[in-house]
Structures are given as structure tokens and as C-alpha cells.
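Numbering (this note's numbering), first residue to last: 19 to 309.
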């Protein structure tokens, strides 16, 4: 019996999924590659221009500036977004009161469910120079005048990193908590019999067992590093735009506002290519395929 005949039911079940990805993923990808090599017009001919659009992106100083912003902000999100959930998960795991642990999990997870419109509004109000919570607190501590956080270039990138970590930390924290729960109690028992204290148990039992989850989280964060858009669109303004504009806002500017679809598609494919390079490099670096 051939493999097709033996597994024909599975192939039929997979067919709708294959059709879905072919229509909504691979066809748009192929179409975008085609547009990136054309002088795109809505009406009329679309002449083939080869790599001219890629050359235009490559020689555009704005592209290199937004690439720098993307890498700097993305690196900050990767680092802080890696350590903050682990520390929070380990701290919550030490809480003995079940009700308090569950309440805290729910509170820190809620921002992940909100859109960036809501999260951005929360932080804009909290950091407002006119009655914002942070500035009111600074006033009580003796600050002479309020700080315009979202109008200070020096704070711009830090705010993007911090707000993103605040929003996504709860979701990643739950992944680590689920991994901690799955650790065999016999490992902790053996560590206690060897005289290990609580810190030694975390260091030599919990953290090593979390390495597979750390690898998955790192790879997922790396995949999304260059695709940040919603947060920047909501929190950016003309004062700090030069420091926080990223690759996806550059693509939006070229494609939607300037209607230069060829250049926008070329920039988009450079984002895809850069993402692939970073992901493969990360897989090698963290030895993702090894136990």
C-alpha cells in the first residue's frame, strides 16, 4: 500500500490548511515580491524596474536611521523582555498564598489582552505632565517642574522598551509558570537531601529546567522584533519620531502615505530577509535544536 493510500484521510484533513496558507500567505508574499520589482500604479502599466526599488531603499538615509532605531529598541525589548518574566515567575512561584498568586497572575496578564490603543492611552495619562500619576509622585518627592516624558528625546527609546515589556510580560510569565509546575518534585527533593537551600534549588534545579522554554520565548521574540508597528504608531509624535520610527513605520510611510508601493514592498522584503538572518543566527547561538 502506498503512503498516499495509507494516509489519505490525513492528507484530506490537511488540505484546507494548505489552501488557506496558499491564498492568504504565499500568494500575497509572491505578489509583494512582484510589486517590489515594478513601478507600481493602480491604473495602467506596471513596468518592470528590476532592483531599482531595492537600490532606492538601500541608498535612503532614512531607511538606515529607522533600521538603527529598530535594532536598538528591539534589542532592549529582547533583553528586558527576557529577564523580567523569569524574575516575576520565580517570585510568584515562591508565594504560598494561592489566592494572591492567582490574583497577581491575572493583573499582570491583563495588559496583554488590551490593544496598544488602550495601553498607549494608559501610559500617556500616567506620564502626562499635567496631573499624571508619575509627575504627581515626583512633585511630592520635591521635583521642581513636571517632566514631559513623551516629548523628551532622551526618554523615547526607553519608554518604548518599558511599555512593551509591561504589556507582554504577563503572557510570557505564565509560560514560565507552566514550565515550573511541570518540573518533577523529585528533583527538588533530591536537592534538599543534598543540603541545597531555596536559592540553590532555583539556581541548580528550576533555571536549568526552564532552558527549553527560554529558547522558545527568545526565538519568538526575535521573530517579532522587526515587526513592531502598533506601539510606535500610538506612542510616537513629531518630537520623538526621529528616535523611535522603525522599519514598519517606514514601510507604512512609503506605501500608504506616499503611495510608493514598489519601494514599500522592497523595504518589506528587506525586513523579511533581515528577520530570517536574525532567526537563523539566534537558533545557532542558543542551540535551539539541542536538548
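Glycine included, C-beta positions come from ideal geometry on N, C-alpha and C.
Beta-carbon proximity list for residue i, same chain, < 6 angstroms, skipping 5 on both sides
i, result
"residue 92", "243"
"residue 246", "264"
"residue 295", "none"
"residue 106", "191"
"residue 52", "none"
"residue 71", "54, 280, 281, 284"
"residue 253", "138"
"residue 290", "none"
"residue 13", "Nothing about residue 13 can be reported from this structure: the residues present for the chain run from 19 to 309 only."
"residue 134", "248, 249, 252"
Environment of residue i [buried if 16+ CB atoms lie within 10 Å]
i, result
"residue 63", "exposed"
"residue 48", "exposed"
"residue 249", "buried"
"residue 88", "buried"
"residue 16", "Nothing about residue 16 can be reported from this structure: the residues present for the chain run from 19 to 309 only."
"residue 32", "exposed"
"residue 268", "buried"
"residue 181", "buried"
"residue 14", "The structure shown has nothing for residue 14, since the chain only spans 19 to 309."
"residue 149", "exposed"
"residue 22", "exposed"
"residue 124", "exposed"
"residue 177", "buried"
"residue 168", "buried"
"residue 20", "exposed"
"residue 179", "buried"
"residue 224", "buried"
"residue 155", "exposed"
"residue 69", "exposed"
"residue 217", "exposed"
"residue 116", "exposed"
Three-state secondary structure assigned by DSSP to residue i
i, result
"residue 70", "helix"
"residue 115", "coil"
"residue 242", "helix"
"residue 104", "helix"
"residue 263", "coil"
"residue 236", "helix"
"residue 304", "helix"
"residue 254", "coil"
"residue 14", "The chain is shown only over 19 to 309; residue 14 falls outside these bounds and no answer can be derived."
Contacting residues, own chain, Cβ-Cβ under 8 angstroms from residue i (five flanking each side not counted)
i, result
"residue 261", "87, 171, 174, 175"
"residue 67", "55, 56, 57, 280"
"residue 228", "104, 194, 197, 198"
"residue 84", "263, 264, 265, 267, 268"
"residue 50", "283, 286, 287"
"residue 166", "147"
"residue 236", "96, 100, 300, 304"
"residue 297", "237, 240, 241"
Same chain only: Cβ atoms within 7 angstroms of residue i, ignoring 5 sequence neighbours per side
i, result
"residue 113", "119"
"residue 185", "129, 130, 137"
"residue 272", "278, 281, 282, 285"
"residue 75", "81, 281, 284, 285, 288"
"residue 219", "206, 209"
"residue 102", "183, 187"
"residue 65", "56, 57"
"residue 212", "none"
"residue 327", "Limits of the chain in this structure are 19 at one end and 309 at the other, which puts residue 327 out of reach."
"residue 127", "188, 189, 192"
Nearest-angstrom beta carbon gap, residue j and residue i [assumed within contact, 8 angstroms]
i, j, result
"residue 215", "residue 129", "That pair is no contact at about 34 angstroms."
"residue 94", "residue 239", "Not confirmed; about 11 angstroms, so no contact."
"residue 145", "residue 152", "5 angstroms"
"residue 110", "residue 122", "6 angstroms"
**Report entry** Segments assigned beta strand (DSSP E), at least 3 residues, entirely inside the region 269–302
**Finding:** none
Query - Segments assigned alpha helix (DSSP H), at least 4 residues, entirely inside the region 114–190 - result: 116–131, 134–144, 151–158
Query raised in the report: What runs of the alpha helix (DSSP H), each 4 residues or longer, lie entirely inside the region 28–89?
Result: 45–53, 70–76
Query raised in the report: In chain order, which continuous runs of the alpha helix (DSSP H) of length 4 or greater are located wholly inside the region 187–226?
Result: 203–211, 216–219
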